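**Q** Each residue of the sequence shown is one higher than the last, beginning at 0 in numbering that gives the first Met the number 0.
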Amino acid sequence: MKIHHIGIAVESLKTAVPVFEKLLGRTAGSEEVVEDQRVRIATFAVGESRIELLEATSTDSPIARFVARRGQGLHHLTLTVPNLKTALEKLKRDGVRLIDRDPRLGAGKELIAFIHPSSTAGVLIELVEER
């Protein structure tokens with residue numbers, strides 16, 4: 000298991016990307032829209048991990064709700080697992096509260112699932128299947 004990426008909710012990629020480019024000393028990589036999550040993502044490679052800046056594409060998206068309630072900031076931490084379905088089954092058996100009981104497609108067409116923050120000390124954890 001390793002840290003795959005850190006997701007940071009922002010009001011505007013147009014404003015946030017230049018700040019992170021200066022901070023990290025590199026340009027943002029790809030930008031992608033994940034339609035079913037109603038989010039636009041700008042990605043920065045940082046060592047073996049990434050930082051993803053997340054901008055809502057609609058007012059009813061989870062990112063829009065997060066920014067409205069908490070402001071911009073750390074949204075989630077993503078960890079890799081060898082087999083996502085197996086990991087979710089084990090977490091269910093162990094009584095961990097899940098947002099996603101089954102894997103779904105996320106950015107980059109990767110299989111993902113979220114663990115509810117009530118089970119993880121208030122931190123939204125995303126799991127992604129290793130490729």
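Yeah, the Cβ is synthetic: ideal placement off N, Cα and C, and Gly gets one too. Bear in mind the structure is a predicted one, so any value in this text is a computation, not a measurement.
(1) Would you mind giving the Cβ-Cβ distance between E109 and E88, rounded to the nearest angstrom? I have them listed as a contact below 8 Å.
(2) Drop a sphere of 10 angstroms on the beta-carbon of H115, count the other beta-carbons inside from all chains shown, and report buried for 16 or more, exposed for fewer.
(3) Could you tell me which of P61, A55 and F43 sits nearest to I5, measuring between CA atoms?
(4) Could you check what DSSP says for S98 in three-state terms: helix, strand or coil?
(5) Could you spell out where the beta strand (DSSP E) holding A120 opens and where it closes?
(6) Could you tell me whether the Cβ atoms of H75 and I62 are closer together than 8 Å?
(7) Mind the definition here: the stretch 11 to 29 touches the stretch 46 to 61 only if three or more C-beta pairs lie below 8 Å; say whether that holds.
(8) Using only the alpha-carbon positions, how far apart do G105 and T79 sit?
(9) As a quick exercise: from D99, P17, V66 and E20, pick the residue whose alpha carbon is nearest that of V38.
**A** With the given structure in hand:
(1) In fact, because the Cβ distance is near 19 Å, the residues do not count as touching under 8 Å.
(2) Per the 10 Å Cβ criterion, exposed.
(3) F43
(4) Rather than Ser, the amino acid found at residue 98 in this sequence is Ile. Here I98 sits in coil by DSSP.
(5) No beta strand (DSSP E) contains A120, which DSSP labels as neither H nor E.
(6) Cβ atoms of H75 and I62: not closer than 8 Å.
(7) yes
(8) Our two residues, G105 and T79, have alpha carbons roughly 13 Å apart in a direct line.
(9) The closest CA to that of V38, considering only D99, P17, V66 and E20, is found on V66.
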